[in-house]
Each structure stands twice: as C-alpha cells, then as structure tokens.
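Heads up, the sequence shown is in our numbering, so the first residue is 18 and it goes up one at a time.
Report on the following structure.
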Amino acid sequence: MSITDTSNPAAGTTLSAALRCSGLTKAFQGVHAVNGAEFSIPTGQITALIGPNGAGKTTVVNILSGAMKSDSGQIFIGETETTGWPSHRVARHGLLRTFQLSRELGGLTVLENLLTAAPNQAGDSLFNVLTRPGLIRRQERENAQRALELLEVYGLYRHRDTPARELSGGQKKLLEISRAVMGSPSILLLDEPMAGVNPALIDVLGNYILELKRDGVTVLMIEHNLGVVERICDYVIVLAEGRTLATGRLSDLRQNTEVVKAYLGEVMDASAAN
Ligand SMILES: Nc1ncnc2c1ncn2[C@@H]1O[C@H](COP(=O)(O)OP(=O)(O)OP(=O)(O)O)[C@@H](O)[C@H]1O
Ligand SMILES: [Mg+2]
18 MSITDTSNPA AGTTLSAALR CSGLTKAFQG VHAVNGAEFS IPTGQITALI GPNGAGKTTV
78 VNILSGAMKS DSGQIFIGET ETTGWPSHRV ARHGLLRTFQ LSRELGGLTV LENLLTAAPN
138 QAGDSLFNVL TRPGLIRRQE RENAQRALEL LEVYGLYRHR DTPARELSGG QKKLLEISRA
198 VMGSPSILLL DEPMAGVNPA LIDVLGNYIL ELKRDGVTVL MIEHNLGVVE RICDYVIVLA
258 EGRTLATGRL SDLRQNTEVV KAYLGEVMDA SAAN
C-alpha cells in the first residue's frame, strides 16, 4: 500500500508506508479509548500524532508496539501483518518505542542503561555462556563501543557513570531515545519526547530526531508542541476520541475547520492566552 501525499508540491508523489493500521479499537471498562483509528506512516519521514488529552494517542502507540492488544483492527509493518504480536517480536521486526514517562532503569548508570538495550546479547543464553565465551566477549566489546559512541552523540558521555535517576528531565528523554536507538530500529515511536524538557533543550532534541530521519529511521512522534511539529514533522495525523480526524501537512490542517475546532483552536487559544 502507498500513501498519496496530495499536499506535496509535486502532488501525486507516492510514499510507501512503513507502518499502517486500520479499524483499531480498544475499550477500557466499556469506554472506547480507540475507536476505529486508521492511518499510514510514510517511510523515512517524521510523522506527528496530535490530538487533545485522552484522544487515545498513547493507547494507539501501545497497540502498534505490541505492549497492548487491540480489541479489533489490523496492523502492518511494511507488508508484514503484525496484529497481535507481542512487543519483543515487533521489536525484532524493527519497531521500537519510547514512553511518555521515562522508563530509565534508575539504579543503573547511564552506560548500563544502554547496554541493557543492546539487541545482540549472546550472553543471555546459558548455552552460549558455556560453549562460546569468545563470541560473548566480542559482542560485549562491540556493544560497549556502540553505547559509548551513542552517548557521545547524545551529549551524555560525561554522565556515563551517573545513576540514571540523577539525570535532569531533558537528559532522561535523551537517554530514553538513545536506548531505543541502541536497538537499531527502522521505525521509532516517540511518546511526547519533548514533555518536561527544558525549553533550551527542545531544539537540540528536535535536531537529534531530524538526524534519525537522515539516518533513514521512520519516526512517529506524539507531540503537543505545535512549534516542534511545524519545525521537524513532515506529516501530521490528528486523533480525536479514538478516531483519525484528519491527516496531512500542518499548514493544510490549519485550514480544516473541523481540526481547528477539535484541537488546534484549543491550542491556539491557549498560546494566545500566554
Ligand atoms: N490502562 C488503562 N485503563 C483504563 N483506561 C485507560 C487506560 N489507558 C488509557 N485509558 C483511557 O483511555 C483514554 C485514552 O488515553 P490515552 O492515554 O491513550 O490518551 P492520550 O491521547 O495519550 O492522552 P494524553 O495527551 O493525556 O497523553 C483516556 O480516557 C484514558 O483515561
Ligand atoms: Mg498520552
């Protein structure tokens, strides 16, 4: 399946979908948090998932990443149907996610946090420990080298031996993203990566996300800050009451009265009041 991006100046350009879902529903105690959401995420682009509080954004990310099963609907990563797959299987297929509230392992150091996120852990198998100690040592060396390189890139190198719980809110977000990148995802879902981040760090974090795009990673990020969406996102999905209300470029969505009423107006009013 492909997406026709009619808002592109070269209208009619087709982008392949890295991830798509249709008819997703999820109810909690009979109340629908997600109610028929469907959309496609274009390959190699940064897509924003926006919408009012309680719209179902995090629940959708939980379902796409396999952390939660939907009541109905279908999910495809590329051409592979991943509906109902558990998160470790989805992760092995290239899709990783970060959390709205950082899930850093507080007692571990920053470096240890990255090492636990490494995909190649031959040492996890008792068979390998007993029969292939050379392989384990080599992988551990490679993982440590990659972890230190990533910490350098994300400006956390000097904090490598600091317990993660001592980092600032913004540094925890950087750690969360670098842990996900350690897993070499082809698709990365970010749940409010800018929340709780010092305004001075927001542009820096945005640049890191743009860098992921340059490295070929497809990004879907839940974001309330429309300035960030405008600066780094190529494409926007608006979710309201568990349904996809609209998709397109932010500039086009600003002309859509339904979207402005449901969400953008509220945000614009709030920013005008500040
Ligand atoms: N585990 C759960 N049990 C019960 N209700 C839940 C659960 N998770 C989410 N909900 C409810 O589902 C609805 C959607 O929640 P969700 O967290 O997906 O929204 P959101 O769009 O991410 O909101 P926010 O912008 O505040 O993060 C809300 O009404 C929420 O209270
Ligand atoms: Mg949320």
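Don't be surprised by glycine CBs; every beta carbon is placed ideally from N, CA and C.
query = Which residues, in chain order, sit with a beta-carbon under 7 Å away from any heavy atom of ligand 2?
reply = The set, ordered by position in the chain, is K74, T75, Q117, D208, E209, I239.
key: Endpoints, the alpha helix (DSSP H) within which M199 is located   = M199 -> alpha helix (DSSP H) spans 186 to 199.
message = Would you say the beta carbon of N70 is closer than 6 Å to some non-hydrogen atom of ligand 1?
response = Ligand 1 approaches N70 closely enough that one of its heavy atoms is under 6 Å from the residue's Cβ.
ask   = Sorted by chain position, which residues of the same chain lie with C-beta nearer than 7 Å to E240's C-beta, five sequence neighbours on each side aside?
value = Excluding sequence neighbours, E240 sits near A65, I67, E209, M211, V246.
Where F56 falls, given that 16 or more other Cβ within 10 Å makes a residue buried = With 16 or more other CB atoms across the displayed protein chains lying within 10 angstroms of its CB, F56 is buried.
message = Distance check for T179 and E10, CA to CA, integer angstroms please.
response = Past the boundaries of the shown model lies residue 10; the chain is included only from 18 to 291, so the question cannot be answered.
ask   = Counting contacts by CB-CB distance shorter than 7 Å, is V107 in contact with chain C?
value = Absent from the structure is chain C; it holds one protein chain and no more.
request  = Tell me whether Y171 sits in a helix, a strand or coil according to DSSP, three-state version.
outcome  = In the three-state scheme derived from DSSP, where H, G and I count as helix and E and B as strand, Y171 is classed as coil.
inquiry  = In the DSSP output, which residue or residues are listed as bridge partners for A65?
reply    = Per DSSP, M238, V253.
request  = Give the C-beta separation of R106 and G83 to the nearest angstrom, bearing in mind that I take them to be a contact with Cβ-Cβ under 8 Å.
outcome  = Rounded, the Cβ-Cβ distance is 7 Å, consistent with contact.
G17 vs V214 beta-carbon contact at 7 Å = Residue 17 lies beyond the residue range present for the chain, which begins at 18 and ends at 291; the question has no answer from this structure.
query = Where do the N-terminal and C-terminal ends of the beta strand (DSSP E) with R177 fall, by residue?
reply = It is not in any beta strand (DSSP E) - R177 carries neither H nor E in the DSSP assignment.
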